[in-house]
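Trainee:
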Amino acid sequence: MIFSLLHVPRCRIQSLANYCGETFHSFSTTCGNNSGIRLLSSRIYGLQGGQRKKWTRPISTNTGKGSTKSKSIKHGILSETILTSTTASVNKTQLDQFQEVQYYDIRQEIAQNKDLSSLVTIIVFDIETTGFSRENERIIEIALRDLQGGENSTFQTLVNPQCKVPNSHIHGITTQMVNKPDVPRMEDLIPILLQYIRSREKPRGHVLLVAHNARCFDVPFIINELRRYSMEIPPNWYFLDTLPLARELRELMKSEGKELSSTSLTALRDLYGIKVDGSAHRAMVDVNTLSLILPKLTFDLKLTLSSLVKKSFTESDMINSKKKKNFRLIF
DNA sequence: TGCCAGGCCCTCTTTAGGGCCTT
Numbered sequence: 001m002i003f004s005l006l007h008v009p010r011c012r013i014q015s016l017a018n019y020c021g022e023t024f025h026s027f028s029t030t031c032g033n034n035s036g037i038r039l040l041s042s043r044i045y046g047l048q049g050g051q052r053k054k055w056t057r058p059i060s061t062n063t064g065k066g067s068t069k070s071k072s073i074k075h076g077i078l079s080e081t082i083l084t085s086t087t088a089s090v091n092k093t094q095l096d097q098f099q100e101v102q103y104y105d106i107r108q109e110i111a112q113n114k115d116l117s118s119l120v121t122i123i124v125f126d127i128e129t130t131g132f133s134r135e136n137e138r139i140i141e142i143a144l145r146d147l148q149g150g151e152n153s154t155f156q157t158l159v160n161p162q163c164k165v166p167n168s169h170i171h172g173i174t175t176q177m178v179n180k181p182d183v184p185r186m187e188d189l190i191p192i193l194l195q196y197i198r199s200r201e202k203p204r205g206h207v208l209l210v211a212h213n214a215r216c217f218d219v220p221f222i223i224n225e226l227r228r229y230s231m232e233i234p235p236n237w238y239f240l241d242t243l244p245l246a247r248e249l250r251e252l253m254k255s256e257g258k259e260l261s262s263t264s265l266t267a268l269r270d271l272y273g274i275k276v277d278g279s280a281h282r283a284m285v286d287v288n289t290l291s292l293i294l295p296k297l298t299f300d301l302k303l304t305l306s307s308l309v310k311k312s313f314t315e316s317d318m319i320n321s322k323k324k325k326n327f328r329l330i331f
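Numbering (the UniProt record's numbering), first residue to last: 1 to 331.
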């Protein structure tokens with residue numbers, strides 16, 4: 001049975017942790033045995049000039065159900081596929097309409113003491129890229145996991161960067177793996193990704209996208225990729241960076257006379273005794289790792305859902321932060 | 001010839017420098 005992290009009363013820290021324990025135990029079981037991954041046959045409309053495109057490319061989701069079939073799979077979430085067919089039709093008009101929907105700042109809703117559990121979808125995500133430069137490098141893999149579980153709670157795909165992959169030694173993703181016609185390019189993927197995340201949202205709800213070092217790495221990459229195709233981050237997306245949380249944990253442990261060797265994802269994984277099922281530095285493996293770390297981290301730091309939302313940031317926050325920094329440098 | 005990512009945090013600090021974290 002899958003429970004939602006978001007169903008936990010906002011002020012009951014213990015409940016949050018208990019809930020996380022149940023959720024992530026269920027998730028862990030699902031992940032270990034693994035559930036089916038689907039090959040989506042997608043039809044999309046090109047964003048540029050409304051040109052219609054049709055292709056079939058491998059994008060994976062999982063059912064989130066512990067079926068008998070899934071228990072027979074042994075080698076991690078990346079290795080198995082079940083063929084199915086789903087149609088995703090998105091055009092620019094639909095996306096424009098989406099952008100026009102008015103959302104309140106969720107942080108104001110906290111102040112108004114609204115029930116966040118009915119508003120927020122938490123999605124852990126990770127990207128693999130050809131390097132560190134958001135300007136010069138490209139995304140080659142994306143993975144997401146909706147922590148409320150259920151059918152199609154994960155999304156993952158390789159991305160065709162249309163350039164060489166110089167750092168295969170890091171993630172094992174080679175130029176040959178991604179530079180081929182059946183791997184979607186980013187311009188093909190963006191509308192599908194937006195549609196997927198929107199499908200996980202609650203009515204007039206918000207999305208909290210969580211990643212390790214999100215502020216300096218993952219989020220700027222995502223923003224840049226969207227901007228390349230004249231797209232913007234949807235107004236109801238908020239980001240949570242777990243790196244500052246890891247730093248808080250290190251300070252907390254230090255005050256208790258303990259030591260955290262590093263604030264990396266690997267160090268947190270080791271601290272909490274989480275076993276890696278698959279190749280580290282593949283997007284879904286890191287997503288699964290962070291999905292298991294998050295409830296333990298929030299428990300140790302006594303963080304509620306509303307406190308997580310308070311720590312979140314938007315694209316606007318990043319822009320304003322940069323402006324303030326430039327202002328300080330000038331004056 | 002010079003640059004080659006960038007934001008955050010710590011300290012031998014704040015008109016700075018270096019390390020961490022992500023691929």
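Yeah, the Cβ is synthetic: ideal placement off N, Cα and C, and Gly gets one too.
#1: Mind checking which residues open and close the alpha helix (DSSP H) that includes Ala246?
#2: So, is residue 335 buried or exposed, given that buried needs 16 or more other C-beta atoms within 10 angstroms?
#3: According to DSSP, which residues form a beta bridge with His206?
#4: Is the CB-CB distance between Met186 and Glu141 below 7 Å?
#5: Would you check if the distance between the CB atom of Val124 and the CB atom of Val287 is smaller than 7 Å?
#6: Would you mind stating whether Leu116 and Leu249 have Cβ atoms separated by less than 7 Å?
#7: Out of Tyr238, Pro181 and Tyr229, state which residue places its alpha-carbon closest to the alpha-carbon of Leu308.
#8: I need the straight-line Cα distance from Gln176 to Val159, nearest angstrom please.
#9: Run the CB neighbour count on Ser169, radius 10 Å, all protein chains shown included, and call it buried at 16 or more, exposed below.
#10: So for Asp146, helix, strand or coil by DSSP?
#11: Should residue 335 and Arg204 be called a contact, given that it needs their Cβ atoms to be closer than 7 Å?
#12: Once DSSP output is grouped into helix, strand and coil, what is the label at Tyr196?
#13: When you compare only the Cα positions, how much space is there between Thr242 and Leu292?
#14: Beta-carbon within less than 6 Å of Val183's beta-carbon, same chain only, minus the 5 sequence neighbours each way: which residues are those?
#15: In three-state DSSP terms, what is Asp126?
#16: In the DSSP assignment, the alpha helix (DSSP H) including Leu305 goes from what residue to what residue?
#17: Taking the beta carbon of Gly149 as the centre, do at least 16 other beta carbons fall within 10 Å, making it buried, or is it exposed?
#18: Please state whether the Cβ-Cβ distance between Thr263 and Ile274 is less than 7 Å.
#19: Taking the beta carbon of Asp317 as the centre, do at least 16 other beta carbons fall within 10 Å, making it buried, or is it exposed?
#20: Please report how far the alpha carbon of Val210 lies from the alpha carbon of Lys164, in whole angstroms.
#21: With H, G and I counted as helix, E and B as strand and the rest as coil, what does DSSP make of Thr174?
#22: Classify Gln156 as buried or exposed, calling it buried when 16 or more other Cβ atoms lie within 10 Å of its own Cβ.
#23: Label Glu315 either buried or exposed according to how many other C-beta atoms from any shown protein chain fall within 10 Å of its C-beta, with 16 as the threshold for buried.
#24: Do you know offhand how far Ala143's Cα is from Gly257's?
#25: Expressed to the nearest angstrom, what Euclidean distance is found between the alpha-carbon atoms of Tyr272 and Thr154?
#26: Cβ atoms of His171 and Lys282: under 7 Å apart, would you say?
#27: Look at the Cβ atom of Leu240, then the Cβ atom of Ser133, and state whether they are nearer than 7 Å.
#28: Express the C-alpha separation of Lys202 and Pro166 in angstroms, rounding to a whole number.
Mentor: Here's the rundown:
#1: In the first sequence, the residue the question calls residue 246 occupies position 246. Start and end: Thr242 to Ser255.
#2: Since the first and last residues shown for the chain are 1 and 331, residue 335 lies out of range.
#3: As a working note, residue 206 is residue 206 in the first sequence. Note: His206 sits in a beta bridge opposite Val120.
#4: Working through the first sequence from its first residue, we reach residue 186 at position 186. Working through the first sequence from its first residue, we reach residue 141 at position 141. No, they are not a contact pair.
#5: Counted from its first residue, the first sequence places residue 124 at position 124. Counted from its first residue, the first sequence places residue 287 at position 287. Yes; because the gap between Cβ atoms is below 7 Å, this pair is in contact.
#6: Within the first sequence, the letter at position 116 stands for residue 116. Within the first sequence, the letter at position 249 stands for residue 249. No.
#7: Here residue 308 is taken as the residue at index 308 of the first sequence, counted from 1. Looking at the Cα atoms, Tyr238 is the closest of the given residues.
#8: Counting from one through the first sequence, the residue named residue 176 turns up at place 176. Counting from one through the first sequence, the residue named residue 159 turns up at place 159. Looking at the two C-alpha atoms, the distance is approximately 12 Å.
#9: Here residue 169 refers to the residue found at position 169 when the first sequence is read from its first residue. It is worth fixing the name first, because residue 169 is His in this sequence and not Ser. Its Cβ having fewer than 16 others within 10 Å, His169 is exposed.
#10: Translated into the one-based positions of the first sequence, residue 146 becomes position 146. If DSSP states are grouped into helix, strand and coil, Asp146 belongs with the strands.
#11: Shown here, the chain extends from 1 to 331; a query on residue 335 therefore has no answer.
#12: Your numbering for residue 196 matches position 196 in the first sequence. Of the three classes helix, strand and coil, the one that applies to Tyr196 here is helix, per DSSP.
#13: Stepping through the first sequence from its first residue, residue 242 is reached at position 242. Stepping through the first sequence from its first residue, residue 292 is reached at position 292. Their Cα atoms are separated by approximately 12 Å.
#14: Translated into positions along the first sequence, residue 183 becomes position 183. Taken in chain order, the residues that qualify are Leu158 and Asn160.
#15: Here residue 126 corresponds to residue number 126 of the first sequence, with the count starting at 1. Correct three-state label for Asp126: strand.
#16: Start at 1 with the first residue of the first sequence, and residue 305 comes out as number 305. Leu305 -> alpha helix (DSSP H) spans Leu305 to Lys310.
#17: Translated into positions along the first sequence, residue 149 becomes position 149. Under this definition Gly149 is a buried residue.
#18: In the first sequence, counting from the first residue as 1, residue 263 sits at position 263. In the first sequence, counting from the first residue as 1, residue 274 sits at position 274. No, the Cβ-Cβ distance between Thr263 and Ile274 is not below 7 Å.
#19: Locating residue 317 in the first sequence gives position 317, where the first residue counts as 1. Answer is exposed; the Cβ neighbour count stays below 16.
#20: Here residue 210 is taken as the residue at index 210 of the first sequence, counted from 1. Here residue 164 is taken as the residue at index 164 of the first sequence, counted from 1. Whole-angstrom Cα-Cα distance: 28 Å.
#21: Along the first sequence, read from residue 1 onward, the residue named residue 174 stands at position 174. Thr174 falls in the coil class under three-state DSSP.
#22: Your numbering for residue 156 matches position 156 in the first sequence. With 16 or more other Cβ atoms within 10 Å, it is buried.
#23: Looking up residue 315 in the first sequence gives position 315. By the 10 Å Cβ count, Glu315 comes out buried.
#24: Taking the first residue of the first sequence as position 1, residue 143 is located at position 143. Taking the first residue of the first sequence as position 1, residue 257 is located at position 257. Taking the straight line from one Cα to the other gives about 37 Å.
#25: Taking the first sequence and counting its residues from 1, one reaches residue 272 at position 272. Taking the first sequence and counting its residues from 1, one reaches residue 154 at position 154. Tyr272 and Thr154: Cα-Cα distance of roughly 23 Å.
#26: Looking up residue 282 in the first sequence gives position 282. Looking up residue 171 in the first sequence gives position 171. The sequence given here places Arg at residue 282; Lys does not occur at that position. Yes, they are a contact pair.
#27: As a position in the first sequence, residue 240 is number 240, starting the count at 1. As a position in the first sequence, residue 133 is number 133, starting the count at 1. No, the pair does not count as a contact, with Cβ atoms beyond the cut-off.
#28: One-based indexing of the first sequence puts residue 166 at position 166. One-based indexing of the first sequence puts residue 202 at position 202. Cα to Cα, the separation comes out at about 40 Å.
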